[in-house]
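Engineer:
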Amino acid sequence: MVHKGVEIPSADSRLVALAEADLLRSKAGKAAQERWKEAGGKGRWHSAEMDMSTTKQFKHPATGEEWLLIHRLADYSCGGSEINMLGLYRIVEGEVVRHFAGDAKSTVGAD
């Protein structure tokens, strides 16, 4: 039987901050920063004006297990960098446990 996760309307901001920090520190997050600098970007890519972030928290209706999904996209068009990152975290005893951190288009190089 397949259960559809129930979205929690307001994701826990503390857990979101922990997961986002982990995503940016991941191998994929460091590679994204390098691509940003190589393309002439200044500072941190995730602080730039074009960065968009979507976060969803879900709860499994049968088991009660909770998950946090983070999608970060920075698309600078016209030859600029595109950074498209995805992080999936399980919430365990009030902490986040990484299950995936990498490019949203490919699992190559994901941790």
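For the record, in the sequence shown the residue sitting at position 27 is 47 according to our numbering, with numbers rising by one throughout.
No residue lacks a Cβ here, since even glycine has one placed at the ideal position from N, Cα and C.
Being a predicted model, the structure only gives us computed values, none of them experimental.
Ala94: buried (16+ other C-beta within 10 angstroms of its C-beta) or exposed?
Structural biologist: The residue is buried, with at least 16 neighbouring Cβ atoms inside 10 Å.
Engineer: Bridge partners for His91 per DSSP, in chain order?
Structural biologist: Per DSSP, Thr74 and Leu106.
Engineer: Cβ atoms of Leu108 and His149: under 8 Å apart, would you say?
Structural biologist: This structure does not reach residue 149, given that the chain is present from 21 up to 131, and the question cannot be answered.
Engineer: Three or more C-beta pairs closer than 8 Å, one from the stretch 34-43 and one from the stretch 54-62: is that the case here?
Structural biologist: Flag = no, the stretch 34-43 and the stretch 54-62 do not touch.
Engineer: Relative to the C-alpha of Lys125, which candidate in Val116, Ile111 and Arg92 has its C-alpha closest?
Structural biologist: It is Arg92 whose Cα lies nearest to the Cα of Lys125.
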